[in-house]
Amino acid sequence: MTRIENEKQYQAAMARIEELLPLVTEDTPDDDIHSVELVLLSNLVADYDDAHYPMSAPSLVDILRLRMYEMQLTQKKMAELIGVSASRLNEILSGKREPTLKVARAIAVNLSIDASIVLGV
1 MTRIENEKQY QAAMARIEEL LPLVTEDTPD DDIHSVELVL LSNLVADYDD
51 AHYPMSAPSL VDILRLRMYE MQLTQKKMAE LIGVSASRLN EILSGKREPT
101 LKVARAIAVN LSIDASIVLG V
């Protein structure tokens, strides 16, 4: 099989992966038959997923909310961290306003978010 052609094959491959996962550990050699099969099926499934279930890139708002959660920040604390008012941050988080270049820079530096994500490129 060079690729998964349909949903039925996809489901069969997923079921086989579930069977193989307990048989392959970090210590399993790369040339073990179960390890080889798991890698091959995983690659086929990943290709099928990419073609049939594409994921869009998260928005800046999604990333900011995730970072707030990860850093356990309130909106007020995050606003202080990036140097804007709480109401300005609320406008950014609600999608009503884009961050200025200065705020984007502060988001990238102070929240450790890649600048290309902040700038949407």
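Okay, so the sequence shown: first residue is 1 according to the working numbering, each after it adds one.
Glycine included, each C-beta is placed from N, C-alpha and C at the ideal position.
Examine the Cβ distances between the segment 99-118 and the segment 64-73 and report whether three or more of them are shorter than 8 Å. The segment 99-118 vs the segment 64-73: in contact.
So, helix, strand or coil for residue 69, using DSSP? helix
Mapping the DSSP letters down to three states, classify residue 96 as helix, strand or coil. The answer is coil: DSSP assigns residue 96 none of H, G, I, E or B.
Using beta-carbon positions only, say whether residue 17 and residue 40 come within less than 8 Å of one another. no
Where does residue 145 fall in DSSP's three states? In the structure displayed, the chain extends from 1 to 121; residue 145 sits before or after that span and is not available.
Closer than 6 Å by C-beta to residue 83: which residues in its own chain qualify, once you throw out the five before and the five after it? Chain order, please. 106
Would you say residue 47 and residue 3 are within 8 Å of each other, going by their C-beta atoms? yes
Whole-angstrom distance between residue 21 and residue 44, CA atom to CA atom: 16 Å
Would DSSP call residue 101 helix, strand or coil? helix
Along the chain, where does the alpha helix (DSSP H) that runs through residue 53 open and close? Run containing residue 53: none; DSSP gives neither H nor E here.
On a Cα-Cα basis, can you pick out the residue from 94, 52 and 23 that is closest to residue 62? 94
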